Structure formats: structure tokens, C-alpha cells
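Read through the structure below, which is laid out as C-alpha cells, and then see the notes.
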Amino acid sequence: MKTFTEISPMRDWCRARQSEGQTVGIVPTMGALHEGHLSLVRRGKSICDLCVATIFVNPTQFAPGEDLSRYPRPLDRDLEMLRGEGIDAVFLPTDEIMYPEGFGTYVTVPPVGMSLEGASRPEHFRGVTTVVNKFFQIIPADSAFFGQKDYQQLRVVEHMVRDLNIATEIVPCDIVREHDGLAMSSRNRYLSDDERKIALSLSRSLATAAEMCDSGETRVAMLEQAMRSELTACTKLDYAVVVDADTLEPIEVVDCRAVALVAAHVGTTRLIDNRIL
Ligand code: AMP
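Under our numbering, the residue at position 108 of the sequence shown is numbered 110, and the numbers go up by one with no gaps.
This is the structure:
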């Protein structure tokens, strides 16, 4: 497993492997890895000849007051987990390497990123589009693996790749959950035992919406009301919605592919989850 902290050696390695005829996959992460991240690595290895993970807690996607400074950084454990998966290379840049003195160019967020997370966290997606674009310049991978756990982020990245003619193919990967349904997240480790129980209400609210939909309820207002009633123990609800799965535009009835999305604070931890209906 090769590790790179500098840009040029990372890019040279990727280009050299591709010039030998090998395909390269990239799995961008912020570290504090869990089975969700590892499922992306496994998918990457199954599709591409070589797989690179990036570990970078990207400061530009955190607003002041969010959890940037307390975000977990168990680097040795992360590297051990990636080695265990047989990953070929890891890119571990510092903030200074990614955002040197004088940095000032950002990627504008496409319309699909304006609502929901974009509304709750106004600077977030601009940081995501910018850092993902930078990764694609540094590691011009054939394929990039993103989790549906961050559903709107996946759509934003897909739109960016389409709009900017980026050659990397985006591969969506299923959400990995704990045995009781909680979507795996690096932020779950912030939860106390009591909060962990309340956090389960997110996946439960999505299951309720899915069950109602399966039983023939198509009115979005009814589905959203049922979701909200599952989420009353959360400290703060940012949104619980059913929207068009492609555009993330509001809908009144489920007559197209729809997705239920929820974002809520449990204690001081902000959690998100979603489910295709
Ligand atoms: P993060 O480290 O939170 O930035 O996530 C890195 C990548 O892992 C993103 O593409 C996430 O969508 C994906 N990911 C995070 N949690 C999960 C999960 N529970 N299942 C599948 N993918 C996930």
C-alpha cells in the first residue's frame, strides 16, 4: 500500500499505472473509516484494477461552529483497515497542500445542491464540489465511488461531472447499516447510549414512509407527517421530506422515482439518512 502526501507523486503514480493499461478507482473519504467506507473500497476493487482512497477532512465543507475541530482522525487505524482491504494507494494531503496560501477558486454548486443540505448548510456543497474536483485533477481516476448515504452529495457530484465534462465515471454505492438499521457514519461515535437509541428514529421514519408507500399511500404530505411523528425525540429536525429522486424537487404525490430524506440533530450530533421509495 503506497501512501502519498504530495500532489505530483500521487498524480504521477496514477498516470503511470493508467499508461500501463490499468484502470484506477478513487474512494474519497474524510477518514474515521467504517464498513460503509470499506464497502466502497470493495466495490472499487471489483470494478477497477487498482484502487486509491483519499483521507482528508476538508475544511471548506465545514461552516464555522460545525464539528471540523472535533472530527475524529484515527489515522493509524484507518490505514490498517485500508491495508486489510488490499487497497493500492492512499492520498493523505495536509490542509496546506490542498489549500495553499493564495487559494481562491471554488466550483459553483449545481441547482440540485441548493435545497435540503444546501439550505441547512449553505457553504457545505461548495466545499464538496471544490475538493472533489481537486481530487479528480490530482488523481484522474477512471471511476469514483460514492455512497448513497450522502444522497444529495452524490447527485451534486454527478451533475458537476456532467456539467464540467469530467472523464471520471461516478459509481453510486448502497448504504451500509448497523444491524438495527442505523446508517453507518463516522459521526455515530459522538452519540451517547441514549442518543444512539434516539438516532434509530431516522431509519425508522424512512421505513415508515416506505411501508406506507408500499401499502398504496402516495400523498407526500401524509408520508412526511408520518416521518416527522417518528422524529419527535430528536433535538432538532432540519428536514424530513419526500422528493423527486433525480432532481430533489418537491412533489405532491409519489408518481415517479422518489426518495425520502431526513436530517436531524441528536444532542449535538447532526445525522442524515435516506431511502429510495
Ligand atoms: P465521508 O468520510 O463521510 O466523507 O464519506 C466518504 C464516502 O463514504 C462518501 O461517498 C459517503 O457517502 C460514503 N459513506 C459514508 N457512510 C456510508 C454508509 N453507511 N454506507 C455507504 N457509504 C457510506
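Ideal placement from N, C-alpha and C gives every residue a C-beta, glycine not left out.
Please read all numbers here as calculations on a predicted model, not as lab measurements.
Could you tell me how far apart the beta carbons of residue i and residue j are, in whole angstroms, since I believe they sit closer than 8 Å?
i	j	result
L208	R277	4 Å
S205	L184	6 Å
A143	C236	Not confirmed; about 37 Å, so no contact.
T170	A146	5 Å
V134	P61	Wrong, their Cβ atoms sit about 15 Å apart, outside the cutoff.
I274	A265	5 Å
G269	E197	5 Å
P112	V163	Not really, about 10 Å apart at Cβ, beyond 8 Å.
Going by C-alpha to C-alpha distance, which of the options sits closest to residue i?
i	options	result
S298	M32, T25, V268	Because the chain here runs from 3 to 279, residue 298 falls outside it and cannot be looked at.
E119	C53, A242, R189	A242
D115	V264, A265, H267, T249	First, the amino acid is wrong: residue 115 is Gly here, not Asp. Closest by alpha carbon: T249.
L84	I57, V109, A65, R157	I57
S41	L166, M186, V134, L94	M186
M32	E197, V158, F93	F93
I200	E232, S217, H181	E232
G106	D182, G129, P113, H161	G129
S188	K4, V59, I28	V59
L166	A228, D182, V109	V109
D97	T7, L202, E251	T7
Who are the Cβ neighbours of residue i in its own chain at under 7 Å, not counting the five residues just before and after it?
i	result
A247	R259, A260, V261, I278
V255	T220, R221, V222
E180	M186
A55	V29, T31, V43, L84, I89, V92
E226	A242, V243, V244
P74	A34, S188, R191
Below 8 Å CB to CB, which residues in the same chain sit around residue i once its five sequence neighbours on both sides are set aside?
i	result
Q20	V26, P142, D144
L156	F148, G149, Q150, I172, P174
Near residue i, what residues of its chain come up, given a Cβ to Cβ distance below 6 Å and the 5 sequence neighbours on each side ignored?
i	result
L52	R19, Q24, V26, D90
F127	V111, G115, G120, V158
F64	L70
K4	A91
Just to confirm, does residue i get its C-beta within under 6 Å of one of the non-hydrogen atoms of the ligand SAH?
i	result
T132	The ligand SAH is absent from the structure shown, which contains only the ligand AMP.
Check your understanding: Taking three-plus beta-carbon pairs below 8 Å as touching, is the region 203-223 in contact with the region 64-83?
Key -> no
**Study point:** Touching by the beta-carbon criterion (3+ pairs, under 8 Å), the region 74-83 and the region 119-133
**Key:** no
Review point. Are there three or more Cβ pairs, one per stretch, closer than 8 Å when the region 84-94 is compared with the region 102-120?
Key: no
Practice item. Please determine if the region 6-18 and the region 37-47 are in contact, where contact requires at least 3 C-beta pairs separated by less than 8 Å. Key: no
Exercise for review: Inspect the CB distances between the region 171-186 and the region 145-157 and report whether three or more fall short of 8 Å.
Suggested key: yes
Review point. Should the region 186-200 be regarded as contacting the region 131-142, the criterion being three or more beta carbon pairs within less than 8 Å?
Key: no
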